[in-house]
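Residue numbers (this note's numbering), protein chains in the order written: chain P, 99 to 322; chain Z, 40 to 132; chain H, 79 to 491.
First up is the structure itself, then whatever we jot down about it.
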Amino acid sequence: MSSESSPPVLRRSQLYHWHQQQGAAFAMTGSTLRVLRYPDEQAPALSLTDLSTHPRVGFKGVGTRQWLRQLAIDMPQTPNCAARQPDGSLLARLSEHEHLLLDNLAADAPLPAELLRRWELEQPSQCYALPRADSHSWMILAGADAAAMMSSLCAVDLRPQQFADGSIAQTSVARTNTIVIRDDNHGLRYHLLCDASTALYLWNILLESVTAFGGQATGLEHLL
Amino acid sequence: MKILNCPLNGPRNISEFTYGGEYHPMPDSMGSSQEAWVEYVFFPENPAGMVTEWWMHTATAFWFLADRNTITDEILRTYRLQDAGKYAHDKDV
Amino acid sequence: MPLSLLRRGLQKKEHLKHQFSVNRSLKKHYDVVIIGAGGHGLATAYYLSRYHGISNIAVLEKSYMGGGNTARNTAVIRSNYLTEEGVSFYRESLKLYKNLSNEFDYNIMYENRGQLTLAHNDAAIRSFRWRAEVNQHLGVKSELVDRQTISELAPQLNLDEEVRYPIMAGLWHADGATARHDAVAWGYARGACSRGVELHQLTEVQAVQVSSGTAREVHTNRGKISCGCVVQAVAGNSSVVAAMAGIRLPIHSYPLQAMVTQPYKPLLNPHLSSPQLHVYTHQTSRGEFVIGGGSDPYPLYNTRSTLDMKESLAAGIVELLPFLAQAKILRQWAGTTDMTPDYSPIMGLSPVDNYYLDAGWGTWGFKATPISGKCMAELVATGRVPDLIKPFELDRFYRFQQVNEAGATAASH
Ligand SMILES: Cc1cc2nc3c(=O)[nH]c(=O)nc-3n(C[C@H](O)[C@H](O)[C@H](O)COP(=O)(O)OP(=O)(O)OC[C@H]3O[C@@H](n4cnc5c(N)ncnc54)[C@H](O)[C@@H]3O)c2cc1C
Chain P
99 MSSESSPPVL
109 RRSQLYHWHQ
119 QQGAAFAMTG
129 STLRVLRYPD
139 EQAPALSLTD
149 LSTHPRVGFK
159 GVGTRQWLRQ
169 LAIDMPQTPN
179 CAARQPDGSL
189 LARLSEHEHL
199 LLDNLAADAP
209 LPAELLRRWE
219 LEQPSQCYAL
229 PRADSHSWMI
239 LAGADAAAMM
249 SSLCAVDLRP
259 QQFADGSIAQ
269 TSVARTNTIV
279 IRDDNHGLRY
289 HLLCDASTAL
299 YLWNILLESV
309 TAFGGQATGL
319 EHLL
Chain Z
40 MKILNCPLNG
50 PRNISEFTYG
60 GEYHPMPDSM
70 GSSQEAWVEY
80 VFFPENPAGM
90 VTEWWMHTAT
100 AFWFLADRNT
110 ITDEILRTYR
120 LQDAGKYAHD
130 KDV
Chain H
79 MPLSLLRRGL
89 QKKEHLKHQF
99 SVNRSLKKHY
109 DVVIIGAGGH
119 GLATAYYLSR
129 YHGISNIAVL
139 EKSYMGGGNT
149 ARNTAVIRSN
159 YLTEEGVSFY
169 RESLKLYKNL
179 SNEFDYNIMY
189 ENRGQLTLAH
199 NDAAIRSFRW
209 RAEVNQHLGV
219 KSELVDRQTI
229 SELAPQLNLD
239 EEVRYPIMAG
249 LWHADGATAR
259 HDAVAWGYAR
269 GACSRGVELH
279 QLTEVQAVQV
289 SSGTAREVHT
299 NRGKISCGCV
309 VQAVAGNSSV
319 VAAMAGIRLP
329 IHSYPLQAMV
339 TQPYKPLLNP
349 HLSSPQLHVY
359 THQTSRGEFV
369 IGGGSDPYPL
379 YNTRSTLDMK
389 ESLAAGIVEL
399 LPFLAQAKIL
409 RQWAGTTDMT
419 PDYSPIMGLS
429 PVDNYYLDAG
439 WGTWGFKATP
449 ISGKCMAELV
459 ATGRVPDLIK
469 PFELDRFYRF
479 QQVNEAGATA
489 ASH
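Below, the structure written as structure tokens:
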């Protein structure tokens, strides 16, 4: 994959070896590797996709909301809610002050990088940046059966009528701490973020359930 | 599964939480004797009955207080630290 | 073997009689009032009456004799602790246990099966090596063993390397044993009652009247009695009873649960314990696998059992003994355990002059029953704290001289 002239791969997923074993086709954007598709993919109705190399950044501290307000960012009114930004990125409010910004699926929204740049420049008072690319892994579960599937892994009622679009549950999924964010976009979708050290464990468990529902792991192309 | 109501995250299985010990005001950091500190650190009330205690929602590291009956295991209420004063004299329901 | 067993085996007819005093009214005064008729309280009464000539003793029990943690424990007896104080103390208890059936002339079904504790990581191996060194130095049989030896000691163990926590080494304690827990309580009760000690069941202590630093009266649901001195041995209720005498203890009361499977033919001899998987087991003489593990996640004065704990114990045990995946669980239960910060007991004097503490037995006090009774009796009879229990004084917390047995106790009892 890499020749003398190609740029070095600086960022690959915690699940990279798993992808490789499946014979995934990768795309390299800048120095980041992403899975485009797997050889056996058949446009499943229920899919699990690794977004771990997508940009994301967090901010916390009592000055966070004031700073975001100054930047005219559309902010969720209560904790455990997420708000879509005009460029497609998603701002998740995790507590009174902590916020997490997730890139869009195409990984081309300007806001994550922009916010981090502004934060470095402005050094807003009592607002601290939280690099989340390495601390957390990020997956997305997509398809109408996603809620039914999650019901055996998670005690929070994630059914669409109970867990509105934009809702967040920070809870235990298959006994590992996970942030679940409902983010509909061509149907029912849940973002799942877990500690990077538990990524392979969670991925395998989720995949077992996805397979039981007739679904598959897919690359990014399937979602875009 | 027992359910605990987290003031930030709502009702959750108690397995999502970590018990954090009895809630007692900390001794004055300047004036207190060694004995007062020893008792604060090592000697809980350990009552059979109502007790106010620290709990943490593990997935969010959010700390709060709970009034719980240690005989029946009923949780009377959960609340944020800033509301501690409100319920201080209201534990014998 | 106790001789009476042989005699009765040869006898044609069984003559049953009460082994303990029953239905007596309370006297006005006792020289010694013991609160709690578990193994510890009864043993104290036994040693006082048999070896110190003190028998004007009442043992007060709010429920039935031996129905507390004495009835609920998993009967593991061992002395492979980590501190010199701990090892020396439990070692003496083992010595007493070995001869207890003969001492009572009553079978306590002591079985010297050995205990195998499993290491699944390097840190555990390091601490086992440390324990083995301390143990051997103090004359306790304890050694680090490799996988080969483990497979010989317990061929049924799953030594597969393709599991989440492969077994890397073990701590083999050849002295490890089990005994019939109820029989221990009965043996002590019988021996004490036959020497004039009064056992009062359904007699709950509700208050202790203390004046000028001395306990004067004990108030029960059956009336007041005056006392020469008081020994409290109430396990999970230690904080509550001590508070009656105005004493605070560094104790949290946590449930500890256990369960047993259906019986199997005899196939496992040693006791197995895995601190990493939070599970331990042995096969009882009835053939059941008794399975225990770590404490509940938060304090409670309640002996309910939970599905959570059943799941967690089951998950751990099938890693060690996969064939148990098919086993049916017959019973699950809990006891309220009096946990101390350093996993060592609190024994000896208290801030009240004639009020003695035998508390903080947590998840590990069954094995200490004989030596605790013996030491408490000596303390009551002589007024001097025996050297063996000096390190366990309540006062140690004020001096920051805890006796840390956490590493040698959690999930292995
Ligand atoms: C599930 C489980 C497993 C265990 N496994 C082991 C093990 O393998 N090895 C080991 O060494 N230890 C083990 N333990 C710990 C051990 O059981 C205890 O430490 C030990 O039995 C304590 O004995 P005791 O006589 O002090 O208490 P208990 O047997 O509990 O007796 C105390 C008595 O005091 C009575 N009482 C309480 N309050 C009052 C009152 N106000 N008035 C009158 N009476 C009162 C109670 O009713 C009770 O009968 C285990 C414990 C549990 C729960």
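Every residue, glycine too, gets a C-beta built ideally from N, C-alpha and C.
Query, Result
"Cβ atoms of Tyr434(H) and Val296(H): under 8 Å apart, would you say?", "no"
"The alpha helix (DSSP H) spanning Trp301(P) covers which residue range?", "Ala297 to Ala310"
"Is the segment 206 to 226 of chain P touching the segment 265 to 284 of chain P, taking contact as three or more C-beta pairs under 8 Å?", "no"
"Our contact map puts His251(H) next to Gln354(H) with C-beta atoms below 8 Å; I'd like the distance itself, whole angstroms only.", "Between Gln354(H) and His251(H) the Cβ distance is about 18 Å, and since that is not below 8 Å, they are no contact."
"With DSSP run on the structure shown, which of helix, strand or coil describes Met173(P)?", "coil"
"State yes or no: is the beta carbon of Thr269(P) nearer than 8 Å to at least one beta carbon in chain Z?", "yes"
"What's the gap between the Cα of His349(H) and the Cα of Leu222(H)?", "16 Å"
"Using 8 Å as the cut-off, can you tell me whether the segment 199 to 209 of chain H makes contact with the segment 226 to 240 of chain H, which would need three or more C-beta pairs spanning the two stretches below that distance?", "no"
"For Asp232(P), which residues of its own chain have a beta-carbon under 8 Å away from its beta-carbon, when the five flanking residues on both sides are left out?", "Ala294"
"For Val357(H) versus Leu402(H), is the C-beta spacing smaller than 8 Å?", "no"
"Grouping DSSP H, G and I as helix and E and B as strand, with all else coil, what is Ser68(Z)?", "coil"
"Put Ile155(H) into one of helix, strand or coil per three-state DSSP.", "strand"
"Beta-carbon within less than 6 Å of Val338(H)'s beta-carbon, same chain only, minus the 5 sequence neighbours each way: which residues are those?", "Glu366, Val368, Leu408 and Arg409"
"Leaving aside the five residues before and after Val132(Z) along the sequence, list all residues of the same chain whose C-beta is less than 7 Å from its C-beta, in chain order.", "Note that Val132(Z) has pLDDT 43, beneath the 50 cutoff, so the model's placement of it is unreliable and the number below is only indicative. Excluding positions up to five away in sequence, the list reads Leu115."
"CB Leu160(H) to CB Val212(H), shorter than 8 Å?", "yes"
"Taking Val275(H) as the reference, which of His96(H), Tyr108(H), Ile467(H) and Thr447(H) has the closest Cα?", "Tyr108(H)"
"At a cut-off of 7 Å, is Leu120(Z) close to ligand 1 when judged by its beta-carbon and the heavy atoms of the ligand?", "no"
"Looking only at C-alpha atoms, which of Ser428(H), Leu378(H), Gln335(H) and Thr359(H) sits nearest to Leu385(H)?", "Gln335(H)"
"Where Arg86(H) and Ile132(H) are concerned, what is the direct C-alpha to C-alpha distance, given to the nearest angstrom?", "31 Å"
"Tell me whether Leu192(P) is buried or exposed, calling it buried when 16 or more other Cβ atoms sit within 10 Å of its Cβ.", "buried"
"With distance defined between alpha-carbon atoms, name the residue in Phe470(H), Leu280(H) and Lys176(H) nearest to Ser103(H).", "Leu280(H)"
"If we define contact as Cβ-Cβ less than 8 Å, is Pro423(H) a contact residue for chain Z?", "no"
"Please specify which runs of the beta strand (DSSP E), each continuous and at least 3 residues long, are wholly inside the segment 389 to 437 of chain H, giving them in chain order.", "407 to 417, 424 to 426 and 433 to 437"
"Under 8 Å between the Cβ atoms of Ala315(P) and Tyr136(P)?", "yes"
"Could you check whether the segment 319 to 333 of chain H touches the segment 123 to 138 of chain H, counting it as contact only if at least three pairs of C-beta atoms, one from each stretch, sit closer than 8 Å?", "no"
"When you compare each of Ser171(H), Ala311(H) and Asp183(H) to Asp253(H) by their alpha carbons, which one comes out closest?", "Ser171(H)"
"Helix, strand or coil for Trp102(Z)? Go by DSSP, reduced to three states.", "strand"
"Quick check on the DSSP output: the alpha helix (DSSP H) that includes Thr151(P) runs from which residue to which?", "Unbroken run through Thr151(P): none, as it is neither H nor E."
"Strictly by DSSP, which residues pair up with His360(H)?", "Val368(H)"
"Which residue wins for smallest C-alpha separation from Ala59(P), given the options Ser150(P), Gln260(P) and Leu166(P)?", "Residue 59(P) falls outside the range modelled here, since chain P spans only 99 to 322, and no answer is possible."
"Does the segment 254 to 262 of chain P touch the segment 279 to 287 of chain P, meaning 3 or more C-beta pairs lie closer than 8 Å?", "yes"
"Identify which residue in Arg364(H), Leu277(H), Arg273(H) and Asp436(H) has its Cα closest to the Cα of Gly314(H).", "Asp436(H)"
"Go through its chain and collect everything with a Cβ distance to Gln97(H)'s Cβ below 8 Å, but skip five positions before and after it.", "Trp264, Ala267, Arg268 and Cys271"
"Below 8 Å CB to CB, which residues in the same chain sit around Leu88(H) once its five sequence neighbours on both sides are set aside?", "none"
"Comparing the C-beta of Ala253(P) with each C-beta of chain Z, is any distance below 8 Å?", "yes"
"For the candidate residues Asp416(H), Lys302(H), Thr195(H) and Pro419(H), whose alpha-carbon lies nearest to that of Val111(H)?", "Lys302(H)"
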